[in-house]
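Notes for the one structure printed next.
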Amino acid sequence: MFKYETHLHTAEGSACASATGAQQARRYKELGYDGIFVTDHFFNGNCAVPRDLSWPERVARYCSGFNHAKEEGDRIGLKVFFGIEYTYGGCDLLSYGLSEQWLLDNPDVLEISVYEYCNRVHRDGGYIVHAHPFREADYLHEIRLMPDWVDAVEIYNVGNKARVMDDRAAWYADQYGLPVTAGTDNHHLTADPVSGVITEEPLMTPGDYFRAVTERRVKLIIP
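Here's what the structure looks like:
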């Protein structure tokens with residue numbers, strides 16, 4: 005069995021995170037995980053990257069948390085995959101199967117609608133998980149659901165303050181027949197407990213994760 009964190013932030017990319025990519029990689033290795041997905045807040049969310057840089061500079065800074073995590077992961081034997089947490093109002097979309105080059109090739113990504121964003125992600129072989137869809141917090145002003153634009157739903161998130169938020173997410177996924185997954189939403193080395201998924205086969209690419217989720221071959225880590 006293989007364990008993976010699916011929702012994780014780094015201090016390099018996310019303004020609300022305190023752990024660097026390398027630190028996150030080392031901690032998850034110590035916890036017995038086989039891999040992590042770095043999903044830093046994108047430029048339209050709580051991103052740590054200054055806005056007054058050129059697009060290539062912004063992308064490089066944004067991806068530095070992932071790159072540092074991957075460098076450390078390669079050294080210690082931990083798989084590290086790239087992801088994005090794209091924000092549309094109160095709706096956070098974990099986007100997988102993309103890359104730093106994809107961002108460089110799409111410099112207008114902040115100028116297009118969320119629907120065109122989803123279309124591009126899918127067009128280019130990526131997939132989207134709706135993160136914590138029923139989260140309630142002082143920084144969120146509404147709940148937005150996009151069942152026709154996402155591929156799966158995160159029905160357990162350690163960052164949710166009340167489990168009823170996860171129960172509602174599970175109901176949402178069930179109502180629309182969407183596959184489910186789980187994640188920690190980890191920002192700090194003190195995050196406890198941690199979550200993610202367990203697979204029977206090792207994940208070699210983000211596409212392996214997508215297939216495991218859509219084929220209902222993942223076990224959710226729910227402490």
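Mind the numbering: the sequence shown is residues 5 to 227 in this note's numbering, read in order.
We put the beta carbon where it would ideally sit given N, CA and C, even for glycine.
In this text the structure is predicted, and so the values were computed from the model without any measurement.
Cβ contact (3+ pairs, closer than 8 Å) linking the segment 46 to 53 and the segment 212 to 221:
no
Does the segment 199 to 211 come within contact of the segment 170 to 181, defined as at least 3 CB pairs closer than 8 Å?
Touching, no, given that fewer than three Cβ pairs across the two stretches are closer than 8 Å.
Taking the beta strand (DSSP E) that N161 falls in, what are its first and last residues?
A156 to N161
Since L230 contacts V125 with CB under 8 Å, what's their CB separation in whole angstroms?
For residue 230 there is no data in the structure shown, the boundaries of the chain being 5 and 227.
Quick one: which unbroken beta strand (DSSP E) runs of 3-plus residues sit fully inside the segment 120 to 170? Chain order, please.
131 to 135 and 156 to 161
What are the boundary residues of the alpha helix (DSSP H) that includes I80?
W59 to I80
I need the boundaries of the alpha helix (DSSP H) containing Y213, first residue and last residue.
P210 to T218
I need the straight-line Cα distance from Y66 to N48, nearest angstrom please.
12 Å
Limits of the unbroken alpha helix (DSSP H) element including A29:
G25 to E34
My understanding is that F86 touches V42, with C-beta atoms under 8 Å, so please give their C-beta distance in whole angstroms.
6 Å
Taking just the CA atoms, how far does Y180 sit from A29?
A29 and Y180 have their C-alpha atoms spaced approximately 34 Å apart.
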